[in-house]
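First the structure, in the form of structure tokens, and then the observations on it.
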Amino acid sequence: MCGITGYIGPKKASEIILASLKRVEYRGYDSAGIAVSNSKIEIMKDAGKIADIEKKLDFSKLEGNMGIGHTRWATHGTVNTQNAHPHTDCTGKIVLVHNGIIENFAELKEELEEKGHKFSSETDTEMMAHLLEEEERKQPDFMRAFLAAVKRVEGSYSFVAMRQGDGRIYAARKSCPLVMGVGKGEMFFASDIPAVLPYTRDFVFLEEGEAASISASDYALYEVKGGKEKEKRKPTHVDWTPQMAQKEGHAHFMIKEIFEQQSTIRQSLAADVGEGVKLLKKAKFITTVACGTSYYAGLLFKEMLRQAGRRSDCVLGSEYLSGIYERDTIVVAVSQSGETADTLNAVRYAKEHGASVLGITNVVGSSLSREADACIYIGAGPEIAVVATKSFTSQLVVLYKLALTLAKKKDMVERMKDLSAIAEIVLSKNEEIRALAEKLAAKKDFFFIGRGLSFPVALEGALKLKEITYLHAEAYAAGELKHGPLSLLESGIPIIAIAPSDASTPKLVSNIKECKARNASVFAVSDSDAVLREAELKFVMPQVDAVFAPIIYVIPLQLLAYHMAVKLGKDPDKPRNLAKSVTVE
Ligand code: M6R
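Take 8 as the starting number for the sequence shown in the numbering used here and just add one per residue.
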């Protein structure tokens, strides 16, 4: 989940790498570092966020036209300077950054220590620098040594390495993202497209088990397993612009991305679902696999499919391997990043068992887009804040369109065109939500409740709140309260009721009354007078078709979490312990 960049070209490498690292800091932000190669290898690194490290270290002192950089999300070893990347071998001539987990690191480290290698960090990455040193002793062609070392590694990785006095940068990937940016007289490696968008929009997406080397004007691709050089692939041009990955005057990416929903909801409705419909038509059973916010989108898709008379379920990516596989199933994998390890493992498992996979992702060239049999892009544009906001509503728009097209409900797809205008009405009441957030920020525990399609929305609302405020928030199907959670209610505990008017409204009103009887304080997000009249705090929602309510009702919950985080002095873009794409299991 770490951020990686590499640059080779005519410009000052440390400047490009620092700017690129800032653009991928959402992938991990507990430490950062840069190495450049000139007549020798020079490294600067420290623990902390880049902005704080910059106050202590002057990266501009690193002179040279090729370099590599890293922002870390710790897996092996605590957060400190020694464990920050880049890492070197015993000679200091080989330098390396890494994303992923080397599973056989302990054995390899032991073997290298027996050969006399001295380690200065607790990371699995440093082992790889020493392994490269060892392999280079056997074969001075560094590409060969690099391939031999990578071949010995088990686990997940994207590696980017340099050797002193060598005019190339080397990389390899397995189960972790890595792209090669192809510029004019300059080349890049990056873990994500936004890292290098200001310099190029042409990318070669490294495939599973593939290695590459770049010079300023050329590149070569290799297969790690057999070590053979592969044919060059034509770079893919992406239509994301650098501006899309900027804050554009907003205090945080999260609030920018929440507001973008007035256009992304419309954009995503234009997604071409044709391939998906073709694939799903053949399915006897449809299983959606996803994690986190994408899983909640999947829960709603499952309901939409069931309403369309299709047999369907939705499983967490990390739980899919426990044999829930059914014959003639089509698997729909939903992932904003397209790189989530748990989801990709489920995809691979499904494919091994003969199932076809439909990917729903936001990222062109992502692992999911390449491994799925067909892929639909949600078209939300780059999402930089660690927490998912606009990607959730875009996923819902695409998944609804898919389910409704499959059910031949064209009129309903047509009605979805009103949604972006309704989202705009909700967003125009941002200040109202901010005021409500100020009132709620002193509370410590939150219960989100909803019935039917509003239950996944409650789950998402609670997830958003806990992710960025670090407050305790749980979501319950409202009818479940009386089966246990009611015992937790104490005077003043906020119950956030997600309550669009629908057939379940009378029952939800009863559930609210049960909470009030235990002195809980109810905050209703609703368009129903019956609900609103019961609430102590309320946010009055515009009218929306009950079936589409999840796409709209999640917006005030995103705003609530955002404003509470800001009020509590937390950074909503970079919540502690989290990273944007979770590429480890
Ligand atoms: O990239 P993906 O959609 O596969 O990511 C799945 C989850 O890791 C992600 O939704 C996570 O839960 C976010 N932090 C939610 O805000």
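Yeah, the Cβ is synthetic: ideal placement off N, Cα and C, and Gly gets one too.
Check                                                                                                                                                                                                     : Outcome
Kindly identify the DSSP beta-bridge partner or partners of D209.                                                                                                                                         : H244
Which residues are close to the ligand M6R, meaning CB closer than 5 Å to any heavy atom, in chain order?                                                                                                 : C298, G299, T300, S301, S342, Q343, S344, T347, V394, A395, V589
Residues in its own chain within less than 6 Å of T85 by CB, not counting five upstream and five downstream?                                                                                              : none
If we ignore side chains and look at the alpha-carbon of each, how far apart do L213 and S220 end up?                                                                                                     : 11 Å
By Cβ distance below 6 Å, which residues in the same chain neighbour S373 in space, the five residues on each side in sequence not counted?                                                               : G345, E346
Under 8 Å, with one C-beta from each stretch per pair, do the segment 26-46 and the segment 218-237 reach the 3-pair mark?                                                                                : no
My parser needs the alpha helix (DSSP H) runs of 4 or more residues fully inside the segment 332-389; what are they?                                                                                      : 348-359, 374-378
Q274 to E264, Cα distance in whole Å?                                                                                                                                                                     : 14 Å
How would you write the range of the beta strand (DSSP E) that I24 sits in, first residue to last?                                                                                                        : Looking at the DSSP string, I24 is not in any beta strand (DSSP E); the run it does join, the alpha helix (DSSP H), is 20-30.
Using a Cβ-Cβ cut-off of 8 Å (strictly less than) and excluding sequence neighbours within five positions of T350, which residues of its own chain qualify?                                               : V296, A297, C298, S301, G324, A340, V341, S342, L375
Write down the C-beta distance between K309 and A448 rounded to the nearest angstrom, noting that I regard them as a contact closer than 8 Å.                                                             : In fact, because the Cβ distance is near 34 Å, the residues do not count as touching under 8 Å.
Curious, which full-length beta strand (DSSP E) runs of at least 3 residues does the segment 463-532 contain?                                                                                             : 479-484, 501-506
Assuming contact is defined by CB atoms lying nearer than 9 Å, are Q269 and T396 in contact in what I supplied?                                                                                           : no
On the CB-based measure, 16 or more other CB atoms within 10 Å of its CB, does D65 come out buried or exposed?                                                                                            : exposed
Am I right that G190 and A197 are in contact with their C-beta atoms under 8 Å? What's the rounded C-beta distance?                                                                                       : Incorrect: roughly 12 Å between the Cβ atoms, too far for contact.
On a CA-only basis, which of M169, S517, T590 is nearest S222? Give me that one, please.                                                                                                                  : M169
Judging by CA-CA distance, which residue of V104, K116, I391, A485 is the nearest neighbour of H257?                                                                                                      : I391
Who are C321's beta bridge partners in DSSP?                                                                                                                                                              : T295
Check whether the Cβ atoms of A568 and I475 lie closer than 9 Å to each other.                                                                                                                            : yes
Put H124 into one of helix, strand or coil per three-state DSSP.                                                                                                                                          : coil
Starting from H92, trace the alpha helix (DSSP H) in both directions and tell me its first and last residue.                                                                                              : Here H92 belongs to no alpha helix (DSSP H), and DSSP marks it neither H nor E.
Run through DSSP, which three-state label would G16 get?                                                                                                                                                  : coil
Please work out which residues of its chain come closer than 7 Å, Cβ to Cβ, to A537, disregarding the five sequence neighbours upstream and downstream, and give them in chain order.                     : T512, V516
Cβ of K587 within 9 Å of Cβ of Y33?                                                                                                                                                                       : yes
Thinking C-alpha only, which one of K450, H490, H105, L488 is nearest K473?                                                                                                                               : K450
With a threshold of 16 other CB atoms inside 10 Å of the CB of P93, please say whether the residue is buried or exposed.                                                                                  : buried
Per DSSP, which one or two residues make a beta bridge with S163?                                                                                                                                         : I108
Assuming contact is defined by CB atoms lying nearer than 9 Å, are I60 and T95 in contact in what I supplied?                                                                                             : no
Using 8 Å as the cut-off, can you tell me whether the segment 550-563 makes contact with the segment 502-512, which would need three or more C-beta pairs spanning the two stretches below that distance? : yes
Applying the 10 Å Cβ sphere with the 16-neighbour rule, what's the burial state of N518?                                                                                                                  : buried
Compute the Euclidean distance between the alpha carbons of E378 and V354, then round it to the nearest angstrom.                                                                                         : 8 Å
Pick out whichever of A113, Y206, S67 has its Cα sitting closest to the Cα of Y14.                                                                                                                        : Y206
Quick check: what's the CA-CA separation for E142 versus G361?                                                                                                                                            : 39 Å
Using DSSP with H/G/I as helix, E/B as strand and the rest coil, what is L64?                                                                                                                             : coil
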